[in-house]
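>
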Amino acid sequence: MSVAVLDFKQLYLDFYAALCYFAFKIVGDQEEARDIVEDVFLKVLHHKSTISEDENIRAYLYTAVKNSCLSYIKVSTRVKERQWHYNSNLPSEEQGYVNDIIQAEVLREVMKVIDQLPGHSGKIIKMSYFESLKNDEIAALLGISVQTVKNLKSKGLDSLRHLLKPDIFMLFLLIYGFRKG
80 MSVAVLDFKQ
90 LYLDFYAALC
100 YFAFKIVGDQ
110 EEARDIVEDV
120 FLKVLHHKST
130 ISEDENIRAY
140 LYTAVKNSCL
150 SYIKVSTRVK
160 ERQWHYNSNL
170 PSEEQGYVND
180 IIQAEVLREV
190 MKVIDQLPGH
200 SGKIIKMSYF
210 ESLKNDEIAA
220 LLGISVQTVK
230 NLKSKGLDSL
240 RHLLKPDIFM
250 LFLLIYGFRK
260 G
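Heads up: the sequence shown begins at 80 in this note's numbering, then just goes up one per residue.
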């Protein structure tokens, strides 16, 4: 396998945030999740693994991250109880991974579109839905009025609704909720 077919930088940009979210859902520690994902990308880079199709690389990355997370949990003494719980409930554990992958993929698709939104719209959507900031907090941070925040958030959500596939947009709303400022 050789990564020559893939643009490694683009691969990293496309999957990093979603894989970090996925890893965080498993290990419960943001720093460890980032380290695990970065290690997986380093392995891909150093071993020059060939993955010719997007679906194969996606499956490979998620499997590698999941396995690295499970190794981290197994070695970590402070989460041995969690490991025992996972092992005793294997079927529900696997369902949890599927849900985490779905959430990570929704996040990845949404982030691609949010990054394309004009002006402050994307930033406001991120601050509101991912950082759970209220409209007045966002207004203060950006130096704009609360009404402008509301207007830009509304325009941003409308753009997301039009630019995302309907099922992705609905999953985004279900996962991150209808936040009010």
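No residue lacks a Cβ here, since even glycine has one placed at the ideal position from N, Cα and C.
#1: Report all residues from its chain with a CB closer than 8 Å to the CB of I247; omit the five preceding and five following residues, and keep chain order.
#2: Could you tell me whether the Cβ atoms of F101 and A183 are closer together than 8 Å?
#3: Ends of the alpha helix (DSSP H) at S238?
#4: Go through its chain and collect everything with a Cβ distance to V119's Cβ below 8 Å, but skip five positions before and after it.
#5: Please confirm if the stretch 223-242 is in contact with the stretch 194-214, defined as three or more CB-CB distances below 8 Å between the two stretches.
#6: Below 8 Å on the Cβ atoms is my guess for S211 versus A218; work out the distance and round it to an integer in Å.
#7: Can you tell me whether D108 is helix, strand or coil according to DSSP?
#8: Kindly give me the distance between the Cβ atoms of Y151 and V106, rounded to whole angstroms, as I take these residues to be in contact under 8 Å.
Per the coordinate set shown:
#1: If you number the sequence shown from 1, residue 247 lands on position 168. Excluding its 5 nearest sequence neighbours in each direction, I247 has C-beta neighbours in its own chain below 8 Å: V185, E188, V189, listed in chain order.
#2: By one-based count along the sequence shown, residue 101 stands at place 22. By one-based count along the sequence shown, residue 183 stands at place 104. Contact flag set, yes.
#3: Numbered from its first residue, the sequence shown carries residue 238 at position 159. That run of the alpha helix (DSSP H) goes 225-242.
#4: Translated into positions along the sequence shown, residue 119 becomes position 40. Excluding residues within five positions, the ones whose Cβ falls inside 8 Å are L98, L140, A143, V144, S147.
#5: The stretch 223-242 and the stretch 194-214 touch, with no fewer than 3 CB-CB distances between them shorter than 8 Å.
#6: Position 132 of the sequence shown, counted from the first residue, corresponds to residue 211. Position 139 of the sequence shown, counted from the first residue, corresponds to residue 218. Going by Cβ atoms, the distance from S211 to A218 rounds to 15 Å, so no, they are not a contact pair.
#7: As a first step, residue 108 must be located in the sequence shown, where it is residue number 29. The three-state reading of DSSP puts D108 in coil, since its state is none of H, G, I, E or B.
#8: Within the sequence shown, numbered from 1, the residue matching residue 151 stands at position 72. Within the sequence shown, numbered from 1, the residue matching residue 106 stands at position 27. 6 Å between Cβ atoms; contact.
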